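Position 58 of the sequence shown, counting from 1, maps to 58 under full-length UniProt numbering, and the rest follow consecutively. Glycine included, each C-beta is placed from N, C-alpha and C at the ideal position. From a predicted model like this one, the values you see are computed outputs, not experimental measurements. Notes to accompany the following structure.
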Amino acid sequence: MSSPPVATVPPPVRTTQPTANVEQLKALLRTTLRISVTDGRVFLGTFAGTDKQLNLLLINTDEYRVGPDAGPDALDGRYVGQVMIPWRLVVRVESRLEGGQQARKYHDSDEESMYT
1 MSSPPVATVP PPVRTTQPTA NVEQLKALLR TTLRISVTDG RVFLGTFAGT DKQLNLLLIN
61 TDEYRVGPDA GPDALDGRYV GQVMIPWRLV VRVESRLEGG QQARKYHDSD EESMYT
């Protein structure tokens, strides 16, 4: 027996252009980011995107512990693979500059720093 036909609906056509903030975020895709979180951990991985709540998704990620309670193995870190970091835990996001590029300051629509 054959299965009944399935109706598919094409995705809606975008009628507005992405904002400057979205374009800046897209420019970071597939770049290496270092993300510090509130409990002192640092994640170093490839930026793969965000979700609607602005949680950050990293792939090929290593986790490091920083601080007095880090222990003797802290410098080695550990491979955690794919990780989702809740935005509310993020303290700092850093990106490596490629040769010859100048640092760019990113601001949200309220003209406040993105990483404060």
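6 Å CB neighbourhood of residue i in its chain, flanking five on each side removed
i     : result
LEU57 : ALA48, GLY49 and MET84
Spatial distance of residue i from residue j (CA atoms)
i     : j     : result
VAL93 : ASP69 : 22 Å
PRO5  : THR61 : 42 Å
GLY51 : PHE43 : Looking at the sequence provided, one finds Asp at residue 51 rather than Gly. Their Cα atoms are separated by approximately 18 Å.
THR31 : ARG78 : 20 Å
PRO10 : ASN21 : 27 Å
GLU23 : LEU75 : 34 Å
Residue i, buried or exposed, once every other Cβ within 10 Å from all chains shown has been counted against 16
i     : result
GLY67 : exposed
LEU33 : buried
GLY45 : buried
Closer than 7 Å: residue i CB and nearest the ligand HEM heavy atom
i     : result
LEU75 : The ligand HEM is not part of this structure, which contains no ligands at all.
Residues near residue i in its chain [Cβ-Cβ closer than 7 Å; skip 5 each side]
i      : result
THR116 : Residue confidence for THR116 is low, a pLDDT of 39 falling below 50, so the modelled location carries little weight; the figure read from the coordinates is stated next. Cβ neighbours of THR116 beyond the five flanking positions: none.
THR38  : LEU89 and VAL91
DSSP-derived helix/strand/coil call for residue i
i     : result
VAL9  : coil
ALA48 : strand
GLN17 : coil
GLN24 : helix
ARG88 : helix
When the options are compared against residue i, the one with the closest alpha-carbon
i     : options                       : result
TRP87 : SER2, THR16 and LEU54         : LEU54
GLU98 : PRO11, SER3, VAL9 and LEU28   : LEU28
GLY40 : SER3, TYR64 and VAL9          : TYR64
GLN82 : LYS26, ASP76 and ILE59        : ILE59
SER95 : GLY71, ARG14, GLN17 and ILE35 : ILE35
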